[in-house]
Every structure is written in structure tokens, then in C-alpha cells.
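**Q** Note that the sequence shown covers residues 0 to 770 in numbering that gives the first Met the number 0.
Have a look at the structure that comes next, please.
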Amino acid sequence: MKKRMVSFIAIFTLALSSSFIADAAVLNEVVEERELIGGVTYKHIQRLEDYGWQDVYAVQADLKAPGVKLEVLKSQNGESFLENTYQMAVDSGALAAVNADFFAAKRGQSGRGSAVGVEVRDGKLTSSASVTENMNTFYKVFGDERFYVNAFVFNMSVTAANGKTDKIKVVNKYDDLTGIVMYTDDWGEYSVGSKGGSIEVAVDENGTVVNKVTESDPIVIPKGGYVLASHMSYNTFLLDNVNIGDVISVDIQSTPDINYIETAVGGGGIILSEGKVPSKFSHNISGRNPRSAVGIDQTGTVVTIVAVDGRRTDSKGMTQTELGYLMADLGCYTALNFDGGGSTLMAVDNNGEKEVVNKPSDGGYRKVTNSLGIMTTAEDNAPATRARFNAQDNVFVNASVKLNLTGVDDYNRQAAIDTSSAVYATDGTGTVSDGVFYPSKTGTSYVTAECGGFIAEKTFTVLPAPREMNFKETKITLNSGESYTPVIIGKDANGSKAEIRLSDAVVTVSGGAVTVSGDAITATAPGAAVVTAVLGEISANMAVMVDGAEEIAVPDNITVPDTQNTYKDLTEEGAFRFSVFGNTRDVSTLFDQFIMNNALYKMKLSSDFQVFLGANVNTKEIEKVSSNYVLAKNYNCFGDGPNTFITLPNVSGKVYTGDVSVWSKFQNDVKNAGQNLFIFLDRNFISNNQVEFLSFTKTVNAAAQSGKNVYVFGGGFVNQNTVDDGVRYINTAGVFPSVAIDGTSPSYIKYVLVTINGNEVTYEYRPIIGD
0 MKKRMVSFIA IFTLALSSSF IADAAVLNEV VEERELIGGV TYKHIQRLED
50 YGWQDVYAVQ ADLKAPGVKL EVLKSQNGES FLENTYQMAV DSGALAAVNA
100 DFFAAKRGQS GRGSAVGVEV RDGKLTSSAS VTENMNTFYK VFGDERFYVN
150 AFVFNMSVTA ANGKTDKIKV VNKYDDLTGI VMYTDDWGEY SVGSKGGSIE
200 VAVDENGTVV NKVTESDPIV IPKGGYVLAS HMSYNTFLLD NVNIGDVISV
250 DIQSTPDINY IETAVGGGGI ILSEGKVPSK FSHNISGRNP RSAVGIDQTG
300 TVVTIVAVDG RRTDSKGMTQ TELGYLMADL GCYTALNFDG GGSTLMAVDN
350 NGEKEVVNKP SDGGYRKVTN SLGIMTTAED NAPATRARFN AQDNVFVNAS
400 VKLNLTGVDD YNRQAAIDTS SAVYATDGTG TVSDGVFYPS KTGTSYVTAE
450 CGGFIAEKTF TVLPAPREMN FKETKITLNS GESYTPVIIG KDANGSKAEI
500 RLSDAVVTVS GGAVTVSGDA ITATAPGAAV VTAVLGEISA NMAVMVDGAE
550 EIAVPDNITV PDTQNTYKDL TEEGAFRFSV FGNTRDVSTL FDQFIMNNAL
600 YKMKLSSDFQ VFLGANVNTK EIEKVSSNYV LAKNYNCFGD GPNTFITLPN
650 VSGKVYTGDV SVWSKFQNDV KNAGQNLFIF LDRNFISNNQ VEFLSFTKTV
700 NAAAQSGKNV YVFGGGFVNQ NTVDDGVRYI NTAGVFPSVA IDGTSPSYIK
750 YVLVTINGNE VTYEYRPIIG D
């Protein structure tokens with residue numbers, strides 16, 4: 000039968016991928032998400048934009064959720080002390096925190112500095128606005144649950160006992176003292192000192208002047224009082240008008256009115272206003288840098304804090320404009336830029352422990368002036384207000400799943416309930432015994448439980464019996480008396496996954512080092528053992544070494560072969576075949592020539608065109624035999640009718656190497672592919688960039704879920720195939736370097752022959768020696 004594929008494959012290198020014009024900056028995105036507490040969600044967003052990769056960390060807090068609030072975090076030592084955001088989160092018990100305001104570090108004194116902008120904590124002004132920078136403030140008014148962003152303008156003055164007044168320049172800042180500066184007891188125990196031509200006046204909580212010094216070391220700031228300071232070459236008001244024993248007063252006014260502000264923290268430019276990114280900023284740090292920001296939705300009650308990594312290959316950083324668009328993407332209506340660069344740091348709670356989730360560009364944790372923390376007032380051991388099942392969504396029809404019935408409190412945390420009297424029910428598609436659900440048919444199953452006046456419910460997807468299963472950890476070490484509950488992952492014929500309980504399998508143990516009871520393995524004596532779990536036709540193996548025993552080999556698992564891994568004749572009109580081979584070899588010996596000739600001639604005789612993958616492809620030898628071959632060194636998309644072929648270069652270890660259009664074209668071509676989609680990669684691991692790997696699998700999984708037949712071929716050092724979420728991954732070793740050198744038999748060298756009969760695709764591994 001004449002195959003129509005030959006003609007257009009021979010000139011495929013002249014074909015272009017389907018046209019694609021990106022209408023958005025985000026070309027690819029992977030999001031990991033987890034709830035910190037009810038109403039507070041952490042997200043790690045990794046995206047490819049038109050200028051490179053970005054690593055984004057965000058926490059979104061609904062301030063209407065029970066017990067959720069915001070606080071400005073500081074060093075425990077006082078306003079003039081710096082501390083890193085991680086330590087602030089630890090000290091305060093914050094659920095999450097991000098560095099906030101810009102700051103001025105004290106020259107010559109490590110760990111000291113002051114905020115540039117406004118700071119209000121629990122209704123008390125601890126830092127006024129800068130008089131030299133066009134900064135803005137993120138704030139909340141007493142009695143209003145909403146947050147706002149605005150610029151603050153201060154009008155502050157001091158009135159002496161003789162009735163004379165003068166302006167107060169700023170509150171609680173390291174300053175050149177060209178005007179009067181006020182230091183409250185939040186500043187720390189001591190003032191800044193008056194050496195070098197300055198004067199300081201200490202005032203107690205009643206407004207009485209208790210100290211007046213010049214050319215002095217720092218003086219004590221009275222509890223509940225303050226110190227006024229100025230440089231006498233610029234301002235002599237304190238020298239001329241204030242004396243010990245006088246009663247003086249200060250007046251602090253601002254717009255917005257500081258007297259009504261409950262919480263406030265300073266920032267830089269407004270990067271999002273009424274849902275739009277401004278064309279200019281009142282305060283701008285130019286260039287792509289690590290960034291921190293805070294945003295609010297249109298109600299002012301959903302707050303998002305963000306940290307964006309930068310200054311590294313896999314995260315370029317953002318301009319303020321790009322940061323504004325990011326905040327809009329995250330659902331913000333208004334957003335404020337915080338201090339960035341080496342200051343950018345986000346700490347998040349992880350089961351009671353704080354962890355830094357981003358990668359600060361300094362390589363360490365920079366000390367900063369303040370941070371914005373998301374807090375909870377949730378009470379410990381709060382009572383349950385509802386119930387739920389903590390169980391996986393999928394279960395195999397010949398296995399079971401623990402329902403793990405538990406209570407849940409108002410903060411969406413697990414809470415204790417007495418499950419001994421729980422009454423379980425199903426929709427007739429299975430049974431429940433001792434809190435374990437045993438499905439009886441594939442499809443969906445609905446399970447409920449009534450307990451203590453609460454009702455838990457869950458719908459399960461019941462998969463067909465698995466065709467393979469694997470222990471997540473195939474080798475473990477234990478000490479005598481120690482127990483371990485292994486995780487077993489099963490996959491059905493379509494690659495859908497679910498965990499399998501050890502107790503669902505028939506378990507055998509070779510060696511007397513361990514025993515198995517229920518779902519647990521217990522070490523009982525020194526030595527090593529192989530644990531084998533058998534479920535139907537398949538099995539999985541793991542090795543256990545006890546008390547330092549020498550490591551032993553793990554036997555191969557038994558799987559049910561893929562139904563498409565078989566030979567089929569060409570039966571349909573237009574049917575054809577192609578073959579795929581891994582690494583080729585440079586010819587330097589007669590043995591090399593023998594292997595290459597066998598591989599090339601067998602592939603040419605059995606298929607209409609040939610595909611060569613791997614890090615090493617000898618095109619000189621290939622062209623002696625075939626001119627109808629395909630490589631994966633460049634991006635290409637070709638095919639006709641129901642068949643689409645894509646070559647995706649990844650020989651460097653990743654797909655993106657500077658040309659962002661590759662991902663755009665790939666996603667578009669996969670979306671528009673025919674019924675049969677074949678993707679070719681030089682390396683079978685797809686990418687050593689985790690985001691690319693997840694993006695690739697997300698893209699091809701979506702194609703498989705839409706009903707397409709998806710096949711991914713990769714070069715490597717093993718001949719193996721698997722099905723994962725509907726996608727078939729087929730690896731071919733080719734002639735890797737150790738063949739016939741370290742004892743690897745040439746019989747291992749095989750090519751993959753693919754047969755296409757309309758929408759039916761089959762494949763098989765064929766040896767190049769014998770048949």
C-alpha cells in the first residue's frame with residue numbers, strides 16, 4: 000500500500016509551525032496552592048513571560064474570615080532597630096509576612112535604621128511620612144474593616160511654655176536634624192545623641208521637660224514621653240525656648256487624619272489604581288528587580304501580599320509596571336510597591352514552623368525596618384462546627400480508601416470529634432467498614448457520614464483495576480522496632496493514579512528482618528528483606544535494610560502490558576509507519592559500523608520515515624541510508640489530517656533557552672493538533688526545570704483529556720514505556736556508549752516501530768539484531 004505520508008515528511012523542514020501571536024505577557028504558568036487557615040491561602044506561582052521566567056510568592060487573606068487580621072511587624076528591640084522578616088514572623092507568630100517599607104540604615108551602626116514612610120501600630124504613630132520622598136501608605140481606619148492606599152501629609156508642631164511654636168519635621172527617623180525631630184519611646188531606650196552640634200530635650204508623659212543636653216551621648220527617652228532633637232546650626236528653637244521644668248506640648252495632624260488610623264505601613268509608588276496600572280509613579284525604582292508588594296481587592300477586605308524573586312536565571316524580577324499587572328492578575332484593585340531588591344523576603348507558616356519560601360537575592364536574610372504580617376486570633380482547640388473526610392479523590396475498584404472522618408472548626412482547622420458513633424452510608428456503589436470505603440464498581444461513588452450532628456460527604460472517582468503499581472520509596476532503612484507505612488501509587492490503563500493501601504494487597508516477605516501488619520512494616524531483626532505486594536495481576540517490590548544491613552537489589556515489578564504496545568498490520572487507507580531511535584554512535588570500529596548499519600537499514604525497511612533522538616545523533620551515517628528522517632534539534636510542527644508531529648528541542652536540559660516563542664508555539668500547536676499527537680524530545684526527562692516539566696505535563700494532559708491520542712518519545716539510556724494521565728511516554732535508548740563495552744548486550748539495542756491505522760495507533764520495541 001502506498002503511504003501518503005512520505006511526500007510531505009521528506010520536505011517537512013520547509014514547513015512552518017502554525018502562526019501564533021501572543022496577546023498576553025504570560026506564556027506559561029504553574030501554580031501550587033495551600034490553605035494556611037480558613038480565609039488565608041498561599042500560592043507559589045512560576046510563570047514564563049515574554050522576557051523570561053518569574054518566581055512569584057503570594058498570600059491572600061480575606062479579612063472577613065474569622066480571626067484573620069493584619070499587623071505591622073517590628074524588631075522587638077524598638078523602632079530604631081532592624082530585623083529580618085523571617086525573625087519578625089517567628090517572634091509575632093504570623094501566618095505569613097513580607098518585608099514592607101523602605102528604610103534608611105544608620106551609618107556605621109549595624110542593625111539600626113528607620114522607616115522612610117508612615118507606621119502606625121495599634122493606633123499609635125511610630126513613624127511619620129517622609130518629607131523628601133513621594134511615598135504612599137497602606138492603612139486601616141478604626142471601626143472600618145477595609146484597607147486603603149493613600150499619601151499622607153503631616154502638619155506637626157511643638158509649643159513652648161512661652162507660647163512660641165515651631166514645626167516638627169518628622170517622627171522617629173534617623174535624620175540630618177535640619178529641623179526638629181521627635182523620638183517617642185517606641186524608638187528604643189535611648190535617643191540618637193547630641194554630639195556634633197545638636198541639642199536634645201527629654202519630655203515626660205505629662206509634657207514636662209526633664210532633660211536638656213548638648214554635645215551629649217544618647218539620653219534616656221522617658222516612658223510615655225519623647226525626646227525632641229535638632230542641629231543648632233539649622234534650628235535654635237529648643238535652645239532658645241525650652242528649659243528643664245517647662246511644660247510643653249506637641250500637636251500632630253495629618254491628612255488622612257492620623258487620629259483615626261488603627262494600622263498603617265509605608266511603601267513606595269502606587270502600582271495599581273482602580274484596577275489600572277499608572278503610566279507614571281510617584282516613586283519609582285527602575286529596572287527588573289526582586290519585588291515586594293501589597294494589594295487589596297475592590298472591597299478593601301481581601302489583601303494580597305507578594306514577593307517576586309529576581310536577579311537569577313529562573314526569575315528575572317519585575318519592573319513596577321510589570322508588578323502592577325501581576326497584582327491585577329491576582330485580583331487586586333489597588334496595590335502598593337514595597338521595598339524590594341535584597342530586602343524582598345516572604346515567610347510562611349508550615350505546620351507551625353515558619354519558612355522562607357522565596358530565594359532572597361542577597362543570599363541571606365536582610366534586616367529591614369518593618370514587615371506586614373497576616374495574623375490569626377484563632378483560639379487553640381476551638382470546637383468542631385462541621386465534619387469532613389480527609390481522603391484522596393480516586394480509588395481503585397479492587398482496593399479501598401480510609402475515609403479519615405474528622406471535625407473542622409470555624410478556622411477550617413482539624414478539630415476533635417467522637418467518630419465512634421458515626422453512621423456511614425453509600426449510594427449503593429460500595430460499602431464502608433471501620434471507616435474504610437470499599438467500592439464495588441467503577442465510576443463515581445458518593446459516601447456520607449453522620450456524626451455528632453454533623454454530616455460529612457464526598458464523591459469518589461472509582462478507577463478500573465490498576466495495570467501497574469510502585470512503592471514511592473523502593474529502598475528504606477529501619478532500626479529494629481521501628482515501623483514504617485509505605486505509600487504505593489497505582490495507575491490504571493489510562494494512567495490515572497490513586498494510592499493503594501498495603502493491606503489491600505497480598506504481601507509476602509523474603510527474609511526475616513521485617514513483619515507486615517495491616518498497612519505497616521515493622522523491623523524485627525538485623526538483616527535485609529524484600530517486601531512484595533501483589534494486587535490482581537500486578538506486583539510491586541521494595542527493599543528494607545534493618546540495623547545497617549547491606550543494601551540489596553529490588554526485583555522488577557510485574558505490570559499489565561499497555562494494550563497499544565503490540566504489532567498491527569497496515570489495514571486502513573492511508574495507513575503508515577514511522578520508527579524512533581535513541582542515541583546513535585560515531586563510527587570508529589567495525590562493531591560500531593555493524594550496529595549502525597543494522598539499526599538504520601531495519602528502520603528504513605520497516606517504516607516510511609525515521610526519527611532520531613538523543614544527545615548524540617550521527618547525521619553523516621544516517622544520510623548514507625535515509626533522506627527521510629526527523630531530528631528534534633529545532634522546533635517544528637508538521638503533519639496532515641488526524642496526525643500532528645512536534646519536535647521540541649530539550650538537549651540542553653530545558654526547553655526555554657532564550658526564545659520564548661517556543662513555548663507559545665508548542666502550546667498553540669498542541670491545542671490545534673489532530674486526533675493523533677506525537678511529540679519528540681532528545682532527552683526523556685523533558686526538562687530539569689521543574690516549572691517547564693509541570694508546564695509540559697499540564698499541556699499534554701489537557702490534550703489527552705480532550706480526547707486526543709498523545710505520545711511523547713524521548714531519547715535516553717533505557718527502553719521503557721508508561722502511561723500517565725492519558726499520555727504515553729515511550730523512551731528509546733538507541734546505542735548508548737556502554738553497549739558492548741561494560742557488558743551491556745547489543746540485543747538491548749531496539750527501535751520503536753509505530754503503526755498508524757486511522758485513529759488507531761500501536762507501537763512495539765524491535766531489536767536491531769535478529770527479530
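From the three backbone atoms N, C-alpha and C, an ideal C-beta is built for every residue, glycine too.
If you draw a straight line from the C-alpha of Ala160 to the C-alpha of Val208, how long is it?
**A** 10 Å
**Q** Drop a sphere of 10 angstroms on the beta-carbon of Asp22, count the other beta-carbons inside from all chains shown, and report buried for 16 or more, exposed for fewer.
**A** Bear in mind that a pLDDT of 31 at Asp22, under 50, signals an unreliable position, so the number given afterwards is only what the model happens to contain. Answer is exposed; the Cβ neighbour count stays below 16.
**Q** Using the C-alpha atoms, what's the distance from Ile645 back to Cys636?
**A** Each residue's alpha carbon lies about 4 Å from the other.
**Q** Classify Cys450 as helix, strand or coil using the three-state DSSP reduction.
**A** strand
**Q** What are the residues that DSSP puts in a beta bridge with Gly429?
**A** Pro438
**Q** Considering only the beta carbon of each residue, do Leu62 and Val302 sit closer than 9 Å?
**A** yes
**Q** Going by other Cβ atoms of all chains shown within 10 Å of its Cβ, with 16 needed for buried, is Ala14 buried or exposed?
**A** Here Ala14 scores only 32 on pLDDT, less than 50, and its place in the model should not be relied on; the value that follows carries that caveat. Under the 10 Å beta carbon count, Ala14 is surrounded by fewer than 16 other beta carbons and is classified as exposed.
**Q** Looking only at its own chain, which residues have a Cβ that is under 6 Å from the Cβ of Val305, when we skip the five neighbours before and after it?
**A** Ala57 and Ala292
**Q** So which of Ala703, Gly510 and Leu94 has the shortest CA-CA distance to Gly37?
**A** Minimum Cα distance to Gly37 is reached at Leu94.
**Q** Terminal residues of the continuous beta strand (DSSP E) containing Asn597?
**A** Residue range Leu589 to Ser605 is occupied by the alpha helix (DSSP H) that includes Asn597, with no beta strand (DSSP E) assigned at that position.
**Q** Enumerate in chain order the residues of its own chain whose CB-to-CB distance from Asp250 is below 6 Å, with the five nearest sequence positions on each side excluded.
**A** Cβ-Cβ distances below 6 Å link Asp250 to Ser156 in the same chain, with the five nearest sequence neighbours on each side left out; the list follows chain order.
**Q** Look up Lys353 in the DSSP assignment and give the residues it is bridged to.
**A** Beta-bridge pairing links Lys353 to Asp348.
**Q** In the DSSP assignment, find the unbroken alpha helix (DSSP H) run with Val505 in it and report its ends.
**A** Element bounds for Val505: not the alpha helix (DSSP H) but the beta strand (DSSP E), Val505 to Ser509.
**Q** Name the DSSP bridge partner or partners of Leu237?
**A** DSSP output for Leu237 lists no bridge partner at all.
**Q** So, with DSSP's three-state summary, where would you put Phe146?
**A** strand
**Q** Take Gly757 and list the residues in its own chain whose beta-carbon comes closer than 8 Å to its own, dropping the five residues that flank it on each side.
**A** The answer, listed in chain order, is Glu571, Gly573, Ala574 and Pro641.
**Q** Okay, do the region 576 to 584 and the region 542 to 561 touch, 3+ Cβ pairs below 8 Å being the bar?
**A** Not touching, per the Cβ criterion.
**Q** Under DSSP, the beta strand (DSSP E) around Lys73 begins and ends at which residues?
**A** No beta strand (DSSP E) holds Lys73; DSSP gives it neither H nor E.
**Q** By Cβ distance, which residues of its chain are closer than 6 Å to Asn210, with the 5 residues on each side in sequence left out?
**A** Ala201 and Ile218
**Q** Which runs of the beta strand (DSSP E) spanning at least 3 residues fall entirely within the region 154 to 228, listed in chain order?
**A** If we require 3 residues or more, the beta strand (DSSP E) runs fully inside the region 154 to 228 come out as 164 to 170, 179 to 183, 197 to 202 and 208 to 213.
**Q** Taking DSSP as the reference, what is the three-state secondary structure of Val669?
**A** helix
**Q** Judging by CA-CA distance, which residue of Ser705, Lys749, Ala64 and Ile167 is the nearest neighbour of Gln719?
**A** Lys749
**Q** Is the beta carbon of Val690 less than 9 Å from the beta carbon of Tyr50?
**A** No, Cβ-Cβ distance for Val690 and Tyr50 is not below 9 Å.
**Q** Write down every uninterrupted run of the beta strand (DSSP E) in the region 460 to 504 whose length is 3 residues or greater and which is fully enclosed by it, in chain order.
**A** DSSP runs (the beta strand (DSSP E)) wholly in the region 460 to 504: 467 to 470, 474 to 477, 487 to 490 and 496 to 499.
**Q** Closest to Pro560 by C-alpha separation, out of Val431, Lys490, Asp433 and Gly715, would be which residue?
**A** Lys490
**Q** What residue does the alpha helix (DSSP H) around Met87 start on, and which one ends it?
**A** Following the DSSP letters along the chain, one finds Met87 inside the alpha helix (DSSP H) bounded by residues Thr84 to Ser91.
**Q** For Phe141, does the count of other Cβ atoms within 10 angstroms reach 16, so buried, or fall short, so exposed?
**A** Exposed, by the Cβ-count rule.
**Q** Quick one: is Ser109 buried, meaning 16 or more other Cβ sit within 10 Å of its Cβ, or exposed?
**A** exposed
**Q** With respect to 8 Å, is the separation between the Cβ of Ser420 and the closest non-hydrogen atom of the ligand NAP below this value?
**A** No copy of the ligand NAP appears in this structure; indeed no ligand is present at all.
**Q** Evaluate contact between the region 277 to 297 and the region 173 to 181, counting only Cβ atoms and requiring at least three cross-stretch pairs below 8 Å.
**A** Below 8 Å, too few C-beta pairs join the region 277 to 297 and the region 173 to 181 to call them touching: fewer than three.
**Q** Which of the three DSSP states is assigned to Gln704 in this structure?
**A** helix
**Q** So the candidates are Gln319, Ser126, Ala519 and Val543; which of them puts its Cα closest to the Cα of Val529?
**A** The candidate whose alpha carbon is nearest that of Val529 is Val543.
**Q** I need the straight-line Cα distance from Gly706 to Leu501, nearest angstrom please.
**A** 33 Å
**Q** Bridge partners for Lys275 per DSSP, in chain order?
**A** Ser272
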